[in-house]
Every structure is written in structure tokens, then in C-alpha cells.
Ligand SMILES: [Zn+2]
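Residue numbers (this note's numbering): 85 to 406.
Encoded structure:
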């Protein structure tokens, strides 16, 4: 799916500012205003081809949040000499070329880039936007797959030379590209991510992604959480090994209305655990990200126990109301 011929990798990083007075002064359409884009272009063999850097003049938040100031060491004087977001972003996308995949440290940059573009009514990249989250991939390749390291500590872990500072977009993109060069391309390609800024609008656009050890389904959006969980496609369980619809042993249950679990069983492949994460779109509707993963007796017991614990907690709460 992500296998284009002569495709480049665009390793990029953004710096953004936010309301200096917190939620109160926030523009909800653009809570994070991009103030810098830095990027490194790698070819299909991960050799560096070029780099890109641009500073952007803020329009929404004219004062720097103290944390951003502290971390990036950037100041308003420098930013005021920057370029308009739309011009800078146009240049960046032109520089990216026709055939590329975004690579970032963490899951936020592709989302914020699109949210800023949307604010200025720029045409968004064609959906779905796939990217490589190198922070997650770092963990999957070098560590337990769950932990997440800061860029600095990943550079440290790999004993990479530290020749520039951290926390400016161009420097962070540079370090991220060095880390990527230490990875095996085949490994990277196994773990692509999909950005959730543009959520499928209709049934035909829903996504089912197949990975080595699990499948992931991204639903279209619905007006409410209830509508999501009433939907037969969202709640269906399919074994990702044989593609057969399988029976649930434990129906979907939840402890906090954001995450749901279930247990299903495939006659051929055994227990599979399902997880639905409820997510909100940028226009306040809801969609589901469902993963189905093979598990064993132990995993099945753990789900059963979780369900019982939640039931018990609910009963205890009800008793204490009297
Ligand atoms: Zn099966």
C-alpha cells in the first residue's frame, strides 16, 4: 500500500505556539499555531537528499506561551520576520514533491499540520494520510513496543553524535532522520500509521488495515458515542487470520465510555481480543478505532476478569448510593 516506486521519506517536525492565557484565549479551530516547519528528505534507501526549514509569523497568538518560549528558545522578534503560514506551507508541500510518505517523531505533527491548513482553507492532502510514527517504531524495534522515548533520549540510546541543539523544528527533523537511518526499511514499513484528522465520511471510505499480529479498523463518523456502538459494522468481530466473521464470547463492555473490550473465538485460530477506542473528530462527532488481536487462554482470562471487576465496581457504587 505504501510501496511506491522511487518514493521519498519526508521526515518533518513542527514547532507550535498556543494561547498564552490558556483555554480562555484559545481559538478552538486552531489551538496550536504552527511557528516553524523543519524537514529532511530521504530517498528510498534512507540517504539524505535535501533539507527544508521555515519560520512562520504568528497570526492567531501574538504572544508566546511561556513553555514554548522556554523549550524552543524562540522569540517573537525572530518569528515576526517569518513568513505567512499559507506561503510557508505551500513551499513545504512543493518541496515534498509528488511521491512521498511523512515520517514524524510521535503522532501529533501530521494532525496539526492538517488542522492549520484547514484553518486557512488550504486543500488537505488526499485521505487517508498514512505516515510512519518513528517514536512508536523505535519502541517496536529497539524496546518493548509500548514505551515512548523523547527524541533526545532516543539519540542518546543509539549513541548518535549530538552536534546541534534540540527543540527547533529543523534540528529535531535532523535527529529524527538520523534515527530513521539506523532502522531497517523493511521493519519500518511493517508499522505504518494512519492520521485521524480526516475521518472517513461514509461507509465505503472506512479503513481496514492488516498488520502482522493484528488488524485495525477506522470507522466513519457518527453523531454520538451511542450511534457508534449501535453500528453493526463497528461492533462486528472478524478474525484477521482467516477473514471470517467470528462469535463473541464476551460482548463489548467498557469501564469509561472511551475504551471498549470484547473477546471472540475463531474455530481455527482461537481467542481474539477486540478493543474499540472512541475518538472525537474535529467537528465534534465520534468515530471508532477497532483493533483485533490474537490472544491465548491467559489473555482471555484477563478480559473476563476485567469485565467482572467493572461489574463489581458498579454494584459497589450502586450500593453506596443507598
Ligand atoms: Zn480465524
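C-beta: ideal position from N, C-alpha, C; glycine also.
Between the alpha carbons of residue i and residue j, how many angstroms are there, rounded?
i	j	result
residue 310	residue 335	15 Å
residue 88	residue 289	A caution first: residue 88 carries a pLDDT of 49, below 50, which makes its placement in the model unreliable, though a value can still be read off. Each residue's Cα considered, the two are about 21 Å apart.
residue 212	residue 206	17 Å
residue 359	residue 161	48 Å
residue 178	residue 225	32 Å
residue 142	residue 155	17 Å
residue 303	residue 371	6 Å
residue 104	residue 151	9 Å
residue 312	residue 306	6 Å
residue 314	residue 392	23 Å
residue 167	residue 320	49 Å
residue 356	residue 283	26 Å
residue 269	residue 129	8 Å
residue 369	residue 108	23 Å
residue 272	residue 404	51 Å
residue 348	residue 397	24 Å
residue 229	residue 209	29 Å
residue 77	residue 231	The first residue shown for the chain is 85 and the last is 406, placing residue 77 beyond what the model contains.
residue 250	residue 327	46 Å
residue 258	residue 344	39 Å
residue 164	residue 323	55 Å
residue 278	residue 113	22 Å
residue 99	residue 244	23 Å
residue 267	residue 192	21 Å
residue 377	residue 194	26 Å
residue 91	residue 185	8 Å
residue 115	residue 140	16 Å
residue 292	residue 159	44 Å
residue 341	residue 248	44 Å
residue 388	residue 337	10 Å
residue 297	residue 197	30 Å
residue 70	residue 170	Not covered by the structure: residue 70. The range shown for the chain is 85 to 406.
Which term fits residue i, buried or exposed, when burial requires 16 or more other beta carbons within 10 angstroms of its beta carbon?
i	result
residue 294	exposed
residue 93	buried
residue 374	buried
residue 261	buried
residue 85	Bear in mind that the predicted position of residue 85 carries a pLDDT of just 45, short of 50, making it too unreliable to give a figure here.
residue 238	buried
residue 318	buried
residue 246	exposed
residue 382	exposed
residue 402	exposed
residue 361	exposed
residue 316	exposed
residue 199	buried
residue 380	exposed
Which residues mark the beginning and the end of the alpha helix (DSSP H) in which residue i is found?
i	result
residue 99	Not the alpha helix (DSSP H): residue 99 falls in the beta strand (DSSP E), residues 92–102.
residue 262	253–265
residue 382	381–404
residue 310	309–314
residue 273	269–274
Since residue i is in the beta strand (DSSP E), which residue starts that stretch and which ends it?
i	result
residue 335	331–338
residue 358	354–364
residue 345	343–350
residue 125	116–126
residue 134	132–139
residue 144	Here residue 144 belongs to no beta strand (DSSP E), and DSSP marks it neither H nor E.
residue 113	Taken as a continuous stretch (DSSP letters only), residue 113 belongs to no beta strand (DSSP E), as it is neither H nor E.
residue 322	No beta strand (DSSP E) contains residue 322, which DSSP labels as neither H nor E.
residue 373	370–378
Does the beta carbon of residue i fall short of 7 Å from some heavy atom of ligand 3?
i	result
residue 344	No copy of ligand 3 occurs in the structure displayed; its ligands are ligand 1 alone.
Discussion item. So within the region 150–178, which uninterrupted alpha helix (DSSP H) runs reach at least 4 residues, ignoring any that extend past its ends?
Written reply: 150–156, 160–164
Discussion item. Quick check on the DSSP output: what are the complete alpha helix (DSSP H) runs of length 4 or more inside the region 188–242, in order along the chain?
Written reply: 193–203, 218–226, 235–241
Practice prompt. Would you list the residues whose beta-carbon is nearer than 6 Å to any heavy atom of ligand 1, in the order they occur in the chain?
Written response: 323, 325, 326, 328, 350, 352, 353
Fill in: Whole beta strand (DSSP E) elements within the region 273–302, 3-residue minimum
291–294, 298–302
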